[in-house]
Amino acid sequence: MIMALRRLAAAVALSALVTTACGNDGGDPATEPLAEGAVASEAPVTVTTVTAPVTVTAPAPVTASVVELVVVGGDLIGGSRQESVSLGEEVTVRVTGTSTDRVHVHGYDLFIDLVDGAGDLTFMAVIPGVFEIELEDSGTLLVRLEVT
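Count along the sequence shown from 1, add 148, and you get the number used in our numbering.
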């Protein structure tokens, strides 16, 4: 029995010597392999998470207006009129009919080249005021577009 205890003590001392000589090279102890027969201790680990407040702002909804124009024989069907849109709104001017003229959106200085009497133009109404939309060559007023 005494002999068995001496062998056990020698084995523990030898194991401690080998672990001390080879075990710590300055690396992270959490990644070091355990010595044969060793049991890992479960020390409590504290994790601290720091969070900053996050503000999420949804984009403003984009509203859209379509100004439908039917131009036949150089005249707007229904006659010239006034249309209103909101500042920042997306506006589409859609022309159909038989006209070969160009349509001009004054103030924004935009043009619609009609192909077979039709064409579309989409823009953001970012300039407030009242703007004429006309047939460029003939000077025929189609719409007064109010942006407010």
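For each residue, glycine too, the CB sits at the ideal point set by N, CA and C.
Contact between the stretch 285-296 and the stretch 265-272 is absent: fewer than three C-beta pairs spanning the two stretches fall below 8 Å. About 12 Å separates the Cβ atoms of valine 215 and glutamate 238, ruling out a contact at the 8 Å cut-off.
In the displayed model, serine 213 falls within a strand according to three-state DSSP. Taken atom to atom, the span from the alpha-carbon of histidine 254 to that of glutamate 294 is near 12 Å. The alpha-carbon separation between glycine 222 and aspartate 257 amounts to approximately 21 Å.
Annotation: valine 219 to serine 213 spans about 19 Å, alpha carbon to alpha carbon. Take the alpha-carbon of proline 201 and the one of threonine 296: they are about 36 Å apart. The beta carbon of glutamate 280 is closer than 7 Å to those of His254, Leu289 and Arg292 in its chain, skipping five residues each way along the sequence. With fewer than 16 neighbouring CB atoms inside 10 Å of its own CB, serine 234 falls in the exposed class.
With respect to the C-alpha of histidine 252, the residue from Glu282, Leu224, Val263 and Thr240 having the closest C-alpha is Glu282.
Of the candidates Phe259, Leu224, Gly236 and Leu262, the residue whose Cα lies closest to the Cα of glycine 277 is Gly236.
Distances from the CA of aspartate 285 to each of Ile260, Ile275 and Asp264 were compared; the closest alpha carbon is that of Ile260. The beta-carbon distance between arginine 242 and leucine 262, rounded to whole angstroms, is 11 Å. This is too long to meet the 8 Å contact definition.
Residue environment for aspartate 249: buried (at least 16 other C-beta atoms within 10 angstroms of its C-beta). Here serine 228 has Leu289, Leu290 and Val291 as same chain residues with Cβ atoms under 7 Å from its own Cβ, once five neighbours each way along the sequence are excluded.
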